[in-house]
Amino acid sequence: MKTTLTILAATTILAGPALADNWTMTSTWPSSLELIEIDKHFVEIANALIPDEDLTIEFFEGGALVPAGEVFGAVESGTIQAGADWPGYWAGRDAAFSPLATTASLFNAVDYVNWIKAWGGADIYNEVYGKFGMVYLPYGVTNNESGFRTVDKPIETTDDLKGMRLRVSGLEQGKLLEKLGGSQVSMAGGEIYQSLERGVIDGAEFSTPNVDLSGGFDQVTKHWSTPGWHQSSSVFGVMINKASWDALSPETQDKLKVAADATMLWSLANTEKRATEAYQSFQDKGINITRLDDATLDNIQTMANETIVEVACANPTSAKVYASMLSYVDDYAKWRDASAPFNLGRTPSGPDLAKIKECAGE
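Using the numbering used here, read the sequence shown as starting at 8 and increasing by one per residue.
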């Protein structure tokens, strides 16, 4: 039995690419945040499927080898062979990473799965990560995020956002928040608790209810505004150094893909179950939970569409990603709408596909 799922601090980093059958993998998540369970699940399945002599993956929690923000560079350089991530953290390198991670009022988790597995999304991920010498395996999806958690002031309408300093992650998300009158404050997940506690920010979004609960946000906020319109779903996966990937046999590569697919299915069901349990926990703790009305969400959708077009048309690669995603929405709508109400979620009224295709040069 392999003993390769190592959650402990490391004193040194490998100086260069290791042998193909001995990989080091780390994460952007510390062990205190529940998102790391997705990464650990992938490693457990991969190590169970692949014989020791073909590949062994040793996993370290976020921060044990390199700071979270340096995981991308460590994989790109080959210092480590693999790194678990949320693509949106790298939007500063290329805006196209943003929709590969999440969307504002567009995809749900099943949309991401459909698009990745059957509508060409997997190729898009590898095209974008490939520019940085990496192969990418998406292996986790979560549905819409919790929404905003605030210390003193509840958010019951978008007017309440005006003047608020809110931790928000995401390129489009920050621009959209600013249009609604709020101010985006960027910070790592591990910094949110203390920032809320000290009044550095008025509120924050982070992840699904179960992850927010693992972060202790019930202890430092009183109000919770739903739904998570800013991130209607999220994708997680593993960045793999291209040279390390190419050194594997085709059979081992296929087994890693199988492990990724199995983890993706598990992540969806497990997160929805855990989120439901966490919702009840927040309710039991006396958190004031409110929901924006449908008219407000329709207005947010319109503003989100405008923001997506602005971001896409400023970056041809981003436009290409969105064009692929919206082509899926239009195509799948034929059957999804016909099968309502027994369908897989709503067909979002997204931005103008023709305009985004024009910006993508199609």
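Note that CB positions come from ideal geometry on N, CA and C, so glycine has one too.
Asked                                                                                                                                             : Found
Quick one: grab the DSSP three-state call for Asn322.                                                                                             : coil
Among residues of its own chain, excluding the 5 on either side of Cys366, which ones have a beta-carbon nearer than 6 Å to its beta-carbon?      : Ala319, Cys320, Ala326
Ile57 to Asp261, Cα distance in whole Å?                                                                                                          : 10 Å
Do Leu360 and Asp337 count as a contact pair if the criterion is CB distance below 9 Å?                                                           : yes
Taking 8 Å as the threshold, find out whether the stretch 33 to 53 comes into contact with the stretch 211 to 231 through three or more Cβ pairs. : yes
Can you look up Asp61 in the DSSP assignment and give me helix, strand or coil?                                                                   : coil
I believe Trp36 touches Glu65 by the beta-carbon criterion, under 8 Å. Please report the beta-carbon distance rounded to the nearest angstrom.    : Wrong, their Cβ atoms sit about 17 Å apart, outside the cutoff.
If you draw a straight line from the C-alpha of Met8 to the C-alpha of Val192, how long is it?                                                    : Residue confidence is low: Met8 scores 40 on pLDDT, short of 50, so the model does not pin down where it sits. Its coordinate-derived value is still stated next. Each residue's Cα considered, the two are about 45 Å apart.
What is the rounded straight-line gap between the Cα of Asn295 and the Cα of Ala285?                                                              : 14 Å
What's the call for Ala103, buried or exposed, on a 16-neighbour Cβ count within 10 Å?                                                            : buried
Classify Glu152 as helix, strand or coil using the three-state DSSP reduction.                                                                    : strand
What is the DSSP secondary structure of Lys362, counted as helix, strand or coil?                                                                 : helix
Rounded to whole angstroms, what is the Cα-Cα separation between Leu15 and Asn54?                                                                 : Caution applies to Leu15, whose pLDDT of 44 falls short of 50 and renders its modelled position unreliable; the value that the coordinates give is listed next. Each residue's alpha carbon lies about 18 Å from the other.
Would the stretch 123 to 132 and the stretch 303 to 323 be scored as touching if the rule is three or more Cβ pairs under 8 Å?                    : no
Leaving out five residues before and five after Val82 in sequence, what residues of the same chain have Cβ atoms less than 8 Å from its Cβ?       : Gln88, Ala89, Gly90, Met141, Met246, Ile247, Asn248
Pull up the DSSP beta-bridge partners for Asp305, would you.                                                                                      : Answer is none; Asp305 lacks a bridge partner.
Looking at the strands, I want to know which residues DSSP matches up with Trp30.                                                                 : Ile64
For Glu60, count the other beta carbons within 10 Å of its own beta carbon; 16 or more makes it buried, fewer makes it exposed. Which is it?      : exposed
Hey, would you say Thr165 sits closer than 9 Å to Leu299, going by beta carbons?                                                                  : yes
Once DSSP output is grouped into helix, strand and coil, what is the label at Leu333?                                                             : helix
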